[in-house]
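In this note's numbering, each number is its position in the sequence shown, counted from 1, plus 108. Backbone N, C-alpha and C fix where the C-beta goes; we use that ideal spot for every residue, glycine too. All values derive from a computational prediction rather than experimental measurement.
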Amino acid sequence: MLKSQPYKLKNTIQNYKWGTMGKNAFIPKLLNIKADKDKPYAELWMGAHPKAPSQILIDGKEHDLNEIIRQYPGEMLGSKVSKRFSGTLPFLFKVLSANEALSIQVHPSKRQAKALHKKDPINYSDPNQKLEIAIALDSLTALIGFKPLKQITKMLKDYPEIRDFIGANVRSISVKRNNFKEMFTRLVKKSLSDPGELNMVIQNLSNRISKKKTKTEVEKYFIALHKKYDNDIGLLILFFLNLAHLKRGEAIFTKPGIPHAYLKGNILECMSNSDNVIRAGLTPKYKDMKNLLKVLTFELGSPKVSKGFRKGNSVVYKTDAKEFVIQIFNSSNKALNFENQTGPRILLILNGAVKISFNGEGELKSEKFIKGNSVFLPSILSKFKITTEKSWSFVLVSVP
109 MLKSQPYKLK NTIQNYKWGT MGKNAFIPKL LNIKADKDKP YAELWMGAHP
159 KAPSQILIDG KEHDLNEIIR QYPGEMLGSK VSKRFSGTLP FLFKVLSANE
209 ALSIQVHPSK RQAKALHKKD PINYSDPNQK LEIAIALDSL TALIGFKPLK
259 QITKMLKDYP EIRDFIGANV RSISVKRNNF KEMFTRLVKK SLSDPGELNM
309 VIQNLSNRIS KKKTKTEVEK YFIALHKKYD NDIGLLILFF LNLAHLKRGE
359 AIFTKPGIPH AYLKGNILEC MSNSDNVIRA GLTPKYKDMK NLLKVLTFEL
409 GSPKVSKGFR KGNSVVYKTD AKEFVIQIFN SSNKALNFEN QTGPRILLIL
459 NGAVKISFNG EGELKSEKFI KGNSVFLPSI LSKFKITTEK SWSFVLVSVP
């Protein structure tokens, strides 16, 4: 029988090349571990995704979190969540730390994910959609969605190399929104059918921009990324996307079908329990351009940045996602009482220390957790109290 108590998690660190390294590595600082100077620390995964499930400590022994959920779905998830999400934890929670650009990518909807997984399980490892939110821990620079129509039109006038490559009629694009989809499709298809011309266009664009005394921020990224990615189509897609700057506490929610790429920053990221990615560019990895065109929604407009909303001692980040909601609690001298809580929750301590008090086996118990600790709070732990020491902050992810 599973006890009604908080459980400490041990999580996987993903060492992707774009992660921060050495003294700048954010994740080792958070976890209070020594950073290997030659190893990038990109992501910390907290959840039950089969690719890297967290280990849950029960009576001093480590167990796969997904295995314990399979054994005790009602106790861990609660009956409603277990039924709605087929006995699985519906979210994957991460700390992401980027020193370099991630690939430009798109995530599929539920229907699309099922079809992709069935047809190509190697590249699409699960049948789940991927909605995600990114919350800046310090700052985040990112590419998010296609620019508004007027900015697309101006971009094509400013960069005739791109306009001529795709044979774009700027006047028609500014009049008819549907023409953008046709134009972007031509860009993708021509890059595949004529890589030689793509390479020439990128080189000509690089030569012209390099000679400019004053460069825009996007142009600076283009020059830097060209040195790394040579003739990658992402170097042209870059100009079609919004460049967003998020300050601490600001968030961006990304729906399926929206192209995006994180360029630099440390963030909290929560998503549907999926690792499905359709890469569009800025990567040496597999780019599935055929399915990219099927999954893109071709929405145009500026990204919507959220600061969340205040609720008691926390800031709540609510989205369209049915799988997760995030609350960030910051310094307060008051004890925090949680009652009638149901469903699975993961708590991550960002600063300071907290003590969780609860009724266990007929008596009041408490456990202390410090910065970097992550804790799984099962559904059967419906009532508990959190008290703190000095300055502190923690994140609580739950199912709405």
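C-alpha gap between residue i and residue j, whole angstroms
{"i": "Asn509", "j": "Ala223", "result": "Here the chain has residues from 109 to 508 only, and residue 509 is not among them."}
{"i": "Ile310", "j": "Leu455", "result": "46 angstroms"}
{"i": "Ser490", "j": "Tyr425", "result": "22 angstroms"}
{"i": "Asn438", "j": "Asn350", "result": "31 angstroms"}
{"i": "Leu354", "j": "Gly420", "result": "24 angstroms"}
{"i": "Ala429", "j": "Lys442", "result": "30 angstroms"}
{"i": "Leu344", "j": "Leu333", "result": "11 angstroms"}
{"i": "Val283", "j": "Tyr267", "result": "Any answer about Val283 is weak, because its pLDDT of 48 lies below 50 and its placement is not dependable; what the coordinates show is given next. So the alpha carbons of these two residues sit roughly 19 angstroms apart."}
{"i": "Lys227", "j": "Thr391", "result": "23 angstroms"}
{"i": "Gly342", "j": "Phe330", "result": "9 angstroms"}
{"i": "Ala388", "j": "Leu400", "result": "7 angstroms"}
{"i": "Thr495", "j": "Leu313", "result": "58 angstroms"}
{"i": "Ser205", "j": "Lys188", "result": "34 angstroms"}
{"i": "Gln179", "j": "Gly186", "result": "13 angstroms"}
{"i": "Glu327", "j": "Thr261", "result": "17 angstroms"}
{"i": "Gln435", "j": "Val503", "result": "6 angstroms"}
{"i": "Ser474", "j": "Gln163", "result": "21 angstroms"}
{"i": "Trp126", "j": "Lys145", "result": "14 angstroms"}
{"i": "Gly357", "j": "Ser414", "result": "9 angstroms"}
{"i": "Asp172", "j": "Pro161", "result": "6 angstroms"}
Short Cβ contact (8 angstroms threshold) for residue i with residue j
{"i": "Leu177", "j": "Leu197", "result": "Just to set this straight, residue 177 is Ile in the shown sequence, not Leu. Result yes, Cβ atoms of Ile177 and Leu197 sit closer than 8 angstroms."}
{"i": "Ala352", "j": "Ile360", "result": "yes"}
{"i": "Val423", "j": "Ser506", "result": "no"}
{"i": "Thr427", "j": "Ile241", "result": "yes"}
{"i": "Ile166", "j": "Tyr115", "result": "yes"}
{"i": "Leu239", "j": "Glu377", "result": "no"}
{"i": "Phe477", "j": "Leu117", "result": "no"}
{"i": "Gly460", "j": "Lys498", "result": "yes"}
{"i": "Phe201", "j": "Ser380", "result": "no"}
{"i": "Ala156", "j": "Asn174", "result": "yes"}
{"i": "Ile252", "j": "Thr324", "result": "no"}
{"i": "Leu110", "j": "Ile464", "result": "no"}
{"i": "Ile457", "j": "Leu245", "result": "no"}
{"i": "Tyr373", "j": "Ser194", "result": "The residue asked about is misnamed: residue 373 is Gly in this sequence, not Tyr. It is not a contact, given that the beta carbons lie outside the stated cut-off."}
Residues that DSSP places opposite residue i in a beta bridge
{"i": "His353", "result": "Thr249"}
{"i": "Asp383", "result": "Asp383 is not bridged to any residue."}
{"i": "Val424", "result": "Phe417, Gln435"}
{"i": "Ala359", "result": "Ile243, Ser414"}
{"i": "Val505", "result": "Ile434, Ile454"}
{"i": "Met129", "result": "None, per the DSSP bridge assignment."}
{"i": "Lys116", "result": "Val483"}
{"i": "Ile121", "result": "Leu152"}
{"i": "Ala206", "result": "Gly127, Gly373"}
{"i": "Gly389", "result": "Ile212"}
{"i": "Glu170", "result": "Leu165"}
Going along the chain, which unbroken runs of the beta strand (DSSP E) with 3 or more residues stay wholly within the stretch 454–501?
471–478, 482–485
At a cut of 8 angstroms, does the stretch 243–258 reach the stretch 393–409 through at least three beta carbon pairs?
Result yes; three or more Cβ-Cβ pairs closer than 8 angstroms.
Does the stretch 209–228 touch the stretch 392–403, meaning 3 or more C-beta pairs lie closer than 8 angstroms?
yes
Within the stretch 293–372, ranges of the alpha helix (DSSP H) (whole runs, at least 4 residues)
303–318, 325–337, 342–345
Would you say the stretch 258–273 touches the stretch 297–314, given that touching needs at least three Cβ pairs under 8 angstroms?
yes
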